[in-house]
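Just below is one structure, and these are the notes that go with it.
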Amino acid sequence: MTLKLSLTAALGLATALTALPATADVNIYSYRQQELIQPLLDAFTEETGIATNVAFLDKGMVERLQAEGDRSPADVVLTVDISRLAELVDAGVTQPVDSEVLSAQIPSEFRDPGNEWFGLTTRARIVYASKERVAEGEVTTYEDLVDPKWKGRICIRSGTNAYNVALTAAVLHHHGEEGATAWLEGVKANLARKPQGNDRGQVKAIWAGECDISLGNTYYMGAMLADEEQKEWADSVRIEFPTFEDGGTHMNVSGMAMTKAAPNRDEALAFMEFLASDTAQAIYAEAVNEFPVKEDVPNSALVESWGSFTPDDVNLMDIAGLRPDALKLIQIVDFDG
Ligand code: FE
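Numbering (my numbering), first residue to last: 309 to 645.
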């Protein structure tokens with residue numbers, strides 16, 4: 309459904325006159341793909357009777373919210389990546405949400421201390437390795453990726469993509485500027501082709517024999533397996549959980565925030581509390597194959613089948629803080645060039 313202007317004013321008047329409960333929709337700007345979040349939208353509407361209108365964006369969310377200002381129809385934003393959550397807050401387009409439900413459901417390390425953003429799921433950035441051409445356990449660390457034995461064998465999406473900027477920020481955290489520069493140059497030297505496409509496109513390239521390993525987020529394995537055409541790509545690879553030599557596997561979050569201008573604040577709060585509920589957290593686990601932030605909600609059987617791993621323990625806000633420096637290094641080494 310595309311975004312339509314809400315009739316908040318009219319509904320507000322009707323409510324005042326008739327004392328009927330408000331029945332406004334909740335308007336969402338989403339960087340998350342429709343196929344990933346539709347099950348959650350459906351479950352929310354079924355449970356609450358509140359309809360959702362979603363504008364699916366692939367760029368420019370902050371600029372759009374700033375341009376719309378007080379007249380923005382958006383109530384809630386759904387996004388991925390700690391840096392994008394931090395960027396929304398820095399741009400002043402969110403508002404704090406004080407909710408006992410959100411505080412109880414979401415562990416403190418996955419929400420903003422000022423309650424401006426809330427994490428919903430975590431995901432690991434892992435190696436997809438060809439079952440045919442890469443032996444089990446052959447890739448164990450991110451540092452391994454610069455080994456000359458991978459020359460011409462790695463595929464990756466653009467270095468400036470948010471997922472890769474966050475990973476580079478983690479490399480910066482662990483190895484400093486010189487180490488991170490050497491890592492970027494080393495990975496670039498091993499690429500089979502210029503960075504392009506999305507995470508799934510790299511797995512397709514492995515399937516097609518163009519490369520042997522790629523970097524991607526975990527849940528795309530689930531999404532590919534559920535797709536008739538992409539299932540073959542997924543079946544050609546295995547998930548390996550690399551770690552940093554002095555740490556664990558790089559993690560990121562998906563999350564949400566209420567917009568500063570939210571015209572339908574009550575409905576927005578209901579939606580946010582729903583996404584943090586055990587019901588929605590289980591949908592994220594089962595339908596999207598992400599790791600729920602709610603600790604006692606189990607992973608899907610598919611996710612469990614990938615095996616256990618040690619998440620890196622770097623603080624997410626440290627990653628967000630290192631993002632500008634990471635992006636600069638990616639540009640200096642001309643990673644995509
Ligand atoms: Fe994604």
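Virtual Cβ for every residue (Gly too), placed ideally from N, Cα, C.
As the structure is a computational prediction, the values presented were derived from the model and not from experiment.
Excluding sequence positions up to five away, which residues of its chain have a Cβ less than 8 Å from the Cβ of residue i?
i: Ala470; result: Val388, Asp389, Ser391, Arg392
i: Ala375; result: none
i: Met580; result: Val384, Val405, Ser407, Leu410, Phe426, Met564, Met566
i: Glu485; result: Asp633, Leu637
i: Ser542; result: Note on identity: in this sequence residue 542 is Ala, with Ser being the wrong assignment. Val511, Met529, Met532, Leu533, listed in sequence order.
Here's a check: name, in chain order, each residue in its chain whose Cβ is nearer than 6 Å to the Cβ of residue i, leaving out the five neighbours to either side.
i: Arg441; result: Asp520
i: Gln413; result: Ala584, Lys602
i: Ala570; result: Asp383, Ala576
i: Glu518; result: Ala500
i: Ser707; result: Only positions 309 to 645 of the chain appear in the structure, and residue 707 is not among them; the question remains open.
i: Asn498; result: Trp458, Lys459, Ile462
Quick one: is residue i buried, meaning 16 or more other Cβ sit within 10 Å of its Cβ, or exposed?
i: Asp642; result: exposed
i: Ile640; result: exposed
i: Ser616; result: exposed
i: Ser416; result: exposed
i: Asp554; result: exposed
i: Glu355; result: exposed
i: Glu444; result: exposed
i: Arg379; result: exposed
i: Thr429; result: buried
i: Asp455; result: exposed
i: Gly263; result: In this structure the chain extends from 309 to 645, so residue 263 is not present and cannot be described.
i: Ala394; result: buried
i: Glu424; result: buried
i: Asp474; result: The amino acid occupying residue 474 in the given sequence is Ala; Asp does not appear at that position. Buried.
i: Asp398; result: exposed
i: Gln589; result: buried
i: Gln342; result: exposed
i: Glu540; result: exposed
i: Gly594; result: First, the residue type needs correcting, since residue 594 is Glu and not Gly in the sequence shown. Label assigned to Glu594: buried.
i: Asn472; result: buried
i: Asp620; result: buried
i: Ala432; result: buried
i: Thr402; result: buried
i: Pro381; result: buried
Using DSSP's beta-bridge definition, name the partner residues of residue i.
i: Ile627; result: Its beta-bridge partners do not exist; DSSP assigns none.
i: Pro381; result: DSSP output for Pro381 lists no bridge partner at all.
i: Arg431; result: Asn560
i: Phe426; result: Arg419, Met564
i: Asn335; result: Asn361
i: Ala584; result: BP columns for Ala584 are empty, so no partner.
i: Leu475; result: Leu475 is not bridged to any residue.
i: Ile591; result: According to DSSP, which records beta bridges pairwise, Ile591 is partnered with nothing at all.
i: Thr468; result: Per DSSP, none; premise fails for Thr468.
i: Ser438; result: Val545
i: Thr449; result: Thr551
i: Ile462; result: Leu499, Ile521
i: Phe599; result: Thr430
Could you pull out every residue in the same chain whose Cβ sits closer than 7 Å to the Cβ of residue i, ignoring the five residues on either side in sequence?
i: Ile591; result: Pro347, Leu348, Ala351
i: Leu630; result: Ala477, Leu480, His481
i: Pro329; result: At Pro329, the pLDDT of 47 sits below 50, so the modelled position is not reliable; the number obtained from the coordinates is stated separately. Closer than 7 Å at the Cβ level, and outside the excluded window around Pro329, lies no residue.
i: Ala578; result: Thr356, Ile358
i: Lys496; result: Val641, Phe643
i: Val334; result: Ile358, Thr360, Asp383, Val384, Asn572, Glu575, Ala576, Phe579
i: Glu548; result: Ile434, Val435, Ala437, Val447
i: Val545; result: Tyr436, Ala437, Ser438, Lys439, Val511, Ile514
Contiguous alpha helix (DSSP H) assignments of at least 4 residues, all confined to the region 508-576:
At a cut-off of 4 residues, the continuous stretches assigned as alpha helix (DSSP H) that sit fully inside the region 508-576 are 527-533, 539-543.
Quick test of the definition: if touching needs 3 or more C-beta pairs under 8 Å, does the region 547-567 touch the region 358-367?
Contact between the region 547-567 and the region 358-367 is absent, because fewer than three Cβ pairs lie under 8 Å.
Does the region 587-607 come close enough to the region 366-377 to have 3 or more Cβ pairs within less than 8 Å?
Fewer than three Cβ pairs drawn from the region 587-607 and the region 366-377 lie within less than 8 Å of each other, which leaves the two stretches out of contact.
As an exercise, report each continuous beta strand (DSSP E) stretch of at least 3 residues that is fully enclosed by the region 351-416, in chain order.
Entirely contained in the region 351-416, the beta strand (DSSP E) runs reaching 3 residues are, in chain order, 360-364, 384-388.
Touch check for the region 507-524 and the region 453-471: three-plus C-beta pairs under 8 Å?
The answer is yes - the region 453-471 touches the region 507-524, with three or more Cβ pairs under 8 Å.
Hey, is the region 485-497 in contact with the region 443-461, meaning 3+ C-beta pairs nearer than 8 Å?
Touching, yes.
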